[in-house]
Every structure is written in C-alpha cells, then in structure tokens.
Amino acid sequence: MKTLIIVIHPDIEKSVINKRWIEELNKHPEKYKVHSLYEVYPDEKIDVAKEQQLIESYDTIVFQFPFYWFSSPPLLKKWFDEVLLYGWAYGSKSGYKAGGKKISLAVTAGIDEEGYRASGKYKYTMNELFRPYELTFDYIKADYKEPFVYYGIENDPSEEWIERSVPMYLEFLDSL
Numbered sequence: 001m002k003t004l005i006i007v008i009h010p011d012i013e014k015s016v017i018n019k020r021w022i023e024e025l026n027k028h029p030e031k032y033k034v035h036s037l038y039e040v041y042p043d044e045k046i047d048v049a050k051e052q053q054l055i056e057s058y059d060t061i062v063f064q065f066p067f068y069w070f071s072s073p074p075l076l077k078k079w080f081d082e083v084l085l086y087g088w089a090y091g092s093k094s095g096y097k098a099g100g101k102k103i104s105l106a107v108t109a110g111i112d113e114e115g116y117r118a119s120g121k122y123k124y125t126m127n128e129l130f131r132p133y134e135l136t137f138d139y140i141k142a143d144y145k146e147p148f149v150y151y152g153i154e155n156d157p158s159e160e161w162i163e164r165s166v167p168m169y170l171e172f173l174d175s176l
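Each step along the sequence shown adds one to the number in UniProt numbering, with nothing skipped, and position 90 is 90.
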C-alpha cells in the first residue's frame with residue numbers, strides 16, 4: 001500500500017530540501033501520495049472530512065516539514081486541532097480511526113546534529129523536542145515510528161549535500 005506524505009511547508013518554492021524530496025516522491029506515484037497542506041489550503045481553511053477520509057485511506061503516514069522555532073510550521077498544529085477530533089481520532093466511541101496506522105516525521109533541521117544534544121547549542125535532542133508529536137500519536141493509538149531528520153542545511157546548502165539526502169529519505173520511507 002502507498003504511503004501518504006503530508007507536507008507542511010509555508011513556502012515550498014524557496015525550499016531546497018523539502019522541494020527536492022517532493023520532486024523525488026512524485027517520481028514514484030505507485031508508492032507515495034504527496035499531500036501538501038499549504039498548497040491545498042492556502043487560506044488555511046481545512047476540509048476536516050476530506051482530511052479524515054484521507055487518513056483513513058492509508059496505513060502509513062509521514063508528516064514532512066522544516067523544523068523551525070523548535071516545532072513545525074503552524075498549519076500542522078491547526079491540522080492536529082481540527083482533524084484529530086474527539087469521536088473520530090480518540091474517545092471511547094471514536095473507533096480510533098488513526099489507531100494502528102504507522103505514523104512518523106520527516107524533518108529538515110538547519111544546524112548540525114551536534115546542536116541538538118544536552119551539550120549542544122539547543123540543549124535537547126530531537127527526540128526530546130519531538131515528544132509532543134509522540135504523545136499526540138500515542139494518544140490517538142497510532143503506531144509512532146522513529147523520525148527521519150536531515151541536519152545542517154545552514155552549514156552546507158550545496159547540491160551535493162541535498163542530493164545525498166534523497167536516497168536516505170527514500171530508504172527511511174521504505175523501512176516503514
């Protein structure tokens with residue numbers, strides 16, 4: 001079954017890595033369905049029923065976004081608030097519609113991995129910073145998988161460095 005990739009990037013045309021990943025994913029429509037929230041909802045008015053139906057249609061879902069302000073772009077939080085509703089995603093009579101689905105994150109980070117350590121610039125690991133996502137997915141009984149993080153765009157925005165990420169990302173997706 002195909003993997004749903006929900007892309008959350010407010011300015012994909014200026015992106016280097018996320019844009020490149022989307023280009024690669026689109027070469028494999030038999031394996032991946034790319035759903036770009038900022039393109040589908042430029043006014044940020046989310047069609048909740050459509051999003052819920054989309055989630056129900058896939059067994060593996062990956063949220064792809066750039067990491068900034070130690071979180072995701074704001075449309076993902078809004079999506080969580082509006083789509084993962086009581087009675088659908090959680091609650092005793094919900095049926096936990098996302099329950100059991102493999103869910104993960106694919107994130108691009110500006111600085112090197114060393115910055116995300118107890119002794120690093122930001123004092124916390126990415127897994128620590130991702131705890132709200134992990135808790136959200138646990139709460140809705142999804143099967144949260146370790147995230148994929150590609151570090152260092154600020155230090156090396158070269159085409160070679162970007163291209164090196166592509167097979168790594170595809171391998172991560174295939175491992176889910």
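Positions of the beta carbon are idealized from the N, C-alpha and C atoms, including for glycine.
Annotation for residue 115: 121, 122 place their beta carbon closer than 6 Å to its own, counting only its chain and skipping 5 residues before and after. Note that the segment 91-100 does not touch the segment 36-44; fewer than 3 beta-carbon pairs, one per stretch, sit closer than 8 Å. For the pair residue 75 and residue 160, the Cα-to-Cα distance works out to about 30 Å. Under DSSP, residue 4 forms a beta bridge with 33, 61. The Cβ-Cβ distance between residue 102 and residue 145 falls below 7 Å. Between residue 166 and residue 107, the CB-CB gap reaches or exceeds 7 Å. By the neighbour-count criterion, in which a residue is buried when 16 or more other Cβ atoms sit within 10 angstroms of its Cβ, residue 135 is exposed. Within the same chain, Cβ atoms closer than 7 Å to the Cβ of residue 56 are found at 97, the five residues on either side in sequence being excluded.
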